[in-house]
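Report on one structure; see the data block that follows.
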Amino acid sequence: MDYHIEMSYCRFEAFKVLAKNYLENESHDLYGEIGRLLEEVDVSPADVAENLMPKSDEDDADICLRRLVKSLEEEKKKKVEKEARRKMKKAEKKEKNEKQKKVNDAEQNGKKV
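Numbering of the sequence shown is given in the numbering used here, commencing with residue 57 and proceeding in unit increments.
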């Protein structure tokens, strides 16, 4: 049996808890940028946590936070591209419908004349 589970997206307050838990860090120069990006994209807390987890002993808070910023910027880019494709598809559909309407109108006028 399949279930659909609604999950909330990670916002800045949740990020701060994750950063404190994973990095033992309560503030950083990148927090402002991260907060702004989290408002612009929808990512799960698990995705944020994955980026905050050190991948090696050399990974400090700065490296992990920069990795998160890069990931959020990539998500933002994907979102912008997806929206552009959606708008283009909508415009193409509208144009196609308008052309079809003109053809239909011409056929009706041709039959009436």
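In this text, a Cβ means the ideal position worked out from N, Cα and C, and glycines have one as well.
Here the structure is a predicted model, which is why all the values come from computation and not from measurement.
Task: Residues of its chain near Leu93, where Cβ-Cβ distance is below 6 Å and the 5 sequence neighbours each way are ignored - done: Leu128
- [ ] Can you say whether Ala162 is buried or exposed, counting buried as having 16 or more other CB atoms within 10 angstroms of its CB?
- [x] exposed
Open item on the list: Three or more C-beta pairs under 8 Å: does that hold for the region 121-137 against the region 96-106?
Closed with: yes
Open item on the list: For Leu121 and Ala102, what's the separation of their Cα atoms in angstroms?
Closed with: 15 Å
Task: Short Cβ contact (8 Å threshold) for Tyr78 with Met57 - done: no
- [ ] Classify Glu106 as helix, strand or coil using the three-state DSSP reduction.
- [x] helix
TODO: Please classify Asn153: is it buried, with 16 or more other beta-carbons within 10 angstroms of its beta-carbon, or exposed?
DONE: exposed
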